[in-house]
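Novice: Pasting a structure here, questions to come.
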């Protein structure tokens with residue numbers, strides 16, 4: 007485990023771990039400590055140095071984050087500079103009277119410095135999976151290890167990363183009087199890049215939970231433009247979606263409110279389900295209601311991503327899954343978030359097929375080994391004729407299967423528009439529809455069908471015109 011000054015290791019639930027918790031709960035990946043004895047998380051190496059850093063009086067006068075390309079890097083603390091500043095702060099007390107020791111101030115200032123440097127470490131090294139309220143869900147590549155991660159370079163200006171480091175430091179320690187006082191004392195003597203965070207604070211980012219959430223959103227939309235001014239401009243455009251995200255993440259009442267989350271879904275804020283209480287994530291009727299709201303939108307390509315957050319028992323509940331497919335208006339995407347072990351049961355697959363309404367794709371994705379199984383496909387197509395599109399080429403010519411589909415088309419001739427997009431099916435169905443005749447009435451119905459088919463597919467009609475004319479005459 008990484009080394010750390012002793013005053014950070016006096017208990018497992020220390021201030022640094024508490025600071026990292028805010029990022030962890032908002033989608034950042036921070037490794038757990040191997041032993042968990044002194045810290046909850048694995049920290050970067052913290053190195054105590056006598057090196058005097060050249061520069062002004064800012065936070066980075068007392069320490070810095072040693073960026074090391076694609077590797078983790080380390081936090082350097084100049085303990086002599088910290089002690090020198092702590093002595094100056096100690097000496098500012100009226101009449102030389104001080105209730106706290108010099109070592110207390112040394113520890114306070116060290117805490118402030120290390121939190122500031124941890125922000126640099128987080129921004130460079132930790133992986134952030136930010137949720138995008140506009141795209142429903144999108145994992146940001148703005149952070150992370152290796153070449154896809156966040157890097158310090160010429161694009162990243164000093165006001166951006168120093169301003170944010172100060173903002174998060176201040177928001178975390180501002181309720182601790184001792185830490186807040188020494189932070190303000192140092193900050194008042196620091197260059198502009200350290201004081202500029204106040205601009206963000208005064209414009210709404212006044213608590214750390216909201217600041218972390220906002221920064222996640224900002225980085226999702228501005229992965230390559232690390233500019234403080236753009237950070238500020240984006241802050242001025244904050245809308246209710248970000249605040250809603252914050253409220254859901256921090257309000258037990260709202261996370262337990264069916265009506266509130268249903269209202270979020272009505273506004274297409276599907277990510278709100280992530281913050282639903284565990285009880286709601288296990289409430290079948292509530293989830294059905296959300297699926298119905300979701301299905302009201304033009305969502306043919308909607309993968310219903312929020313379903314991944316339902317309770318684990320529901321993902322194996324067959325009755326729930328079948329009802330969920332119905333509630334989603336037959337959206338086959340329901341299945342991708344469920345227990346895939348269930349797919350070994352053919353009867354379960356057939357029951358799912360019966361409830362799907364999409365033109366094709368279910369069997370192609372969830373039962374690919376059965377696409378040439380005549381008995382299975384015959385049963386599947388009997389339950390849902392649209393699954394003919396997933397059948398192998400041989401079964402698309404199977405007379406028994408084509409007869410099922412032809413009969414179904416007589417009930418709903420709009421399916422012609424779907425089937426004629428498949429070269430094999432449109433050829434076989436075009437002939438089957440007029441070949442299978444039993445009564446004059448059925449013949450008339452099939453002639454009517456074929457006339458419609460002719461309008462859709464003139465090439466097929468003329469290819470078989472002589473044969474069709476002989477049949478019809």
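In our numbering, the protein residues as written are 7 to 479.
Virtual Cβ for every residue (Gly too), placed ideally from N, Cα, C.
Measure the beta-carbon distance from residue 118 to residue 175 and round it to whole angstroms, keeping in mind my assumption that it falls under 8 Å.
Specialist: That pair is a contact at about 6 Å.
Novice: Between residue 353 and chain C, is there a C-beta pair that is closer than 8 Å?
Specialist: Here there is only one protein chain, and chain C is not present.
Novice: Which stretch, first to last residue, makes up the beta strand (DSSP E) that contains residue 51?
Specialist: That run of the beta strand (DSSP E) goes 51-55.
Novice: Below 6 Å CB to CB, which residues in the same chain sit around residue 398 once its five sequence neighbours on both sides are set aside?
Specialist: Closer than 6 Å at Cβ, skipping near neighbours: 377, 378.
Novice: Applying the criterion that 16 or more other CB atoms from any shown protein chain within 10 Å of the CB defines a buried residue, is residue 218 buried or exposed?
Specialist: With 16 or more other Cβ atoms within 10 Å, it is buried.
Novice: Can you give, in chain order, each stretch of the alpha helix (DSSP H) that sits fully within the segment 345-398 and has at least 4 residues?
Specialist: Entirely contained in the segment 345-398, the alpha helix (DSSP H) runs reaching 4 residues are, in chain order, 352-361, 368-372, 380-389.
Novice: Secondary structure at residue 80, three-state DSSP: helix, strand or coil?
Specialist: Looking at residue 80 - three-state DSSP - the assignment turns out to be strand.
Novice: So the candidates are 302, 339, 291; which of them puts its Cα closest to the Cα of residue 326?
Specialist: Of the listed residues, the one whose Cα sits closest to residue 326 is 291.
Novice: Using the C-alpha atoms, what's the distance from residue 427 back to residue 357?
Specialist: If you take the alpha carbons of residue 357 and residue 427, they lie about 26 Å apart.
Novice: What's the call for residue 339, buried or exposed, on a 16-neighbour Cβ count within 10 Å?
Specialist: Residue 339 is buried by the Cβ-count criterion.
Novice: Look at the alpha carbon of residue 391 and the alpha carbon of residue 372, and state the distance between them as a whole number of angstroms.
Specialist: About 17 Å.
Novice: Of the residues 163, 287, 283, 189, which one's Cα is nearest the Cα of residue 173?
Specialist: Minimum Cα distance to residue 173 is reached at 189.
Novice: Look up residue 303 in the DSSP assignment and say whether it is helix, strand or coil.
Specialist: Note: residue 303 maps to coil in three-state DSSP.
Novice: Whether or not the segment 205-221 and the segment 19-39 are in contact is what I'm after, with contact meaning three or more pairs of Cβ atoms, one per stretch, closer than 8 Å; do they touch?
Specialist: Because the criterion of three Cβ pairs below 8 Å is met, the segment 19-39 and the segment 205-221 touch.
Novice: DSSP state of residue 133, grouped into three classes?
Specialist: Looking at residue 133 - three-state DSSP - the assignment turns out to be strand.
Novice: With residue 193 as the anchor, note down where its beta strand (DSSP E) starts and where it stops.
Specialist: Element bounds for residue 193: not the beta strand (DSSP E) but the alpha helix (DSSP H), 183-193.
Novice: Here's a check: name, in chain order, each residue in its chain whose Cβ is nearer than 6 Å to the Cβ of residue 264, leaving out the five neighbours to either side.
Specialist: Answer for residue 264: 292, listed in chain order.
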